[in-house]
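Asker: Questions regarding the structure given below will be posed in turn.
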Amino acid sequence: MKRIALIFTVLFLMAAPSFAQKYAYVDTDYILDRIQEYKNAQEQLNDLSVEWQKEIEAKFNEIDQLYKKFQAEAVLLPDDMKKQKEEEIIKKEKEAKDLQKKRYGKEGDLFKKRQELIKPLQDKVYNAIEEVATKKSYTFVFDKANNASILYADPKMDISDDVLDKISGVTKQ
Numbered sequence: 002m003k004r005i006a007l008i009f010t011v012l013f014l015m016a017a018p019s020f021a022q023k024y025a026y027v028d029t030d031y032i033l034d035r036i037q038e039y040k041n042a043q044e045q046l047n048d049l050s051v052e053w054q055k056e057i058e059a060k061f062n063e064i065d066q067l068y069k070k071f072q073a074e075a076v077l078l079p080d081d082m083k084k085q086k087e088e089e090i091i092k093k094e095k096e097a098k099d100l101q102k103k104r105y106g107k108e109g110d111l112f113k114k115r116q117e118l119i120k121p122l123q124d125k126v127y128n129a130i131e132e133v134a135t136k137k138s139y140t141f142v143f144d145k146a147n148n149a150s151i152l153y154a155d156p157k158m159d160i161s162d163d164v165l166d167k168i169s170g171v172t173k174q
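What follows is the structure in structure tokens.
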């Protein structure tokens with residue numbers, strides 16, 4: 002009997018801290034959409050992306066024109082000229098693909114610019130979440146953005162507006 006009582010006591014003591022945990026969630030999309038600095042950064046990234054895409058499309062159009070011209074002239078050209086034209090087209094194609102990779106690749110210009118513009122804002126939001134969570138003694142804060150594995154969330158537990166207040170004084174309308 003003492004053994005059973007001891008087991009229940011140990012289990013209760015182990016489970017007791019989990020009863021005291023407080024949870025909350027935020028919606029980082031909601032927060033970021035209400036920060037003008039973030040909107041400006043997104044616009045700047047979109048403008049750069051459009052500009053770079055036009056630059057790349059122009060290169061591929063030039064290659065397409067060279068290829069069509071080559072096909073039209075290929076019958077009349079000697080073998081060494083054909084080879085030279087083919088190499089020129091291949092070289093330009095490689096340059097265009099390299100430019101595309103430089104702009105949009107894994108460590109490309111767009112990625113670097115996004116890190117430069119967006120990362121500080123994300124850090125600002127994270128720090129505000131951490132401050133609010135610490136102040137209100139939350140053990141866990143989940144992110145509801147993009148339906149990230151939260152099947153149901155009680156609106157009372159949403160601290161997104163508290164985080165916005167901490168960042169910029171913006172409140173829910």
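Per this note's numbering, the sequence shown starts with residue 2, numbered consecutively.
Where a beta carbon is used, it is the ideal one built from N, C-alpha and C, also for glycine.
1. Tell me whether TYR26 counts as near the ligand MG, meaning its Cβ is closer than 8 Å to at least one heavy atom of that ligand.
2. Can you tell me which of VAL142, PHE61 and LYS84 puts its alpha carbon nearest to the alpha carbon of GLN101?
3. Please report the distance separating the alpha-carbon of GLU131 from that of GLN37.
4. So who's on the other strand from TYR24, going by DSSP bridges?
5. Please report the residue range of the alpha helix (DSSP H) in which ASN128 lies.
6. What are the start and end residues of each continuous alpha helix (DSSP H) run of 4 or more residues lying completely inside the region 68-107, in chain order?
7. From LYS83 to ASP34, what does the alpha carbon distance come to, in whole angstroms?
8. Take SER50 and list the residues in its own chain whose beta-carbon comes closer than 7 Å to its own, dropping the five residues that flank it on each side.
9. Quick check: the region 115-128 against the region 61-79, are there 3 or more CB pairs under 8 Å?
10. In terms of residues, what are the limits of the alpha helix (DSSP H) holding ASP159?
Answerer: Let me lay it out:
1. Although the ligand MG was asked about, the structure shown includes no ligands whatsoever.
2. Here the question's residue 101 lines up with position 100 in the sequence shown. Comparing Cα positions, the closest option is PHE61.
3. In the sequence shown, the residue the question calls residue 131 occupies position 130. In the sequence shown, the residue the question calls residue 37 occupies position 36. Rounded to the nearest angstrom, the two C-alpha atoms are 21 Å apart.
4. Position 23 of the sequence shown, counted from the first residue, corresponds to residue 24. Its beta-bridge partners are PHE141.
5. Numbered from 1 along the sequence shown, position 127 holds the residue referred to as residue 128. Residues 110-136.
6. Counting whole runs of 4 or more residues, the region 68-107 contains the alpha helix (DSSP H) stretches 80-105.
7. Indexing the sequence shown from 1 puts residue 83 at position 82. Indexing the sequence shown from 1 puts residue 34 at position 33. Computed Cα separation, rounded: 55 Å.
8. Walking along the sequence shown from the start, residue 50 turns up at place 49. Cβ neighbours of SER50 beyond the five flanking positions: LEU111.
9. Cβ pair count under 8 Å is below three, so no.
10. Mapped onto the sequence shown, residue 159 falls at position 158. Premise fails: ASP159 is in no alpha helix (DSSP H) and is neither H nor E.
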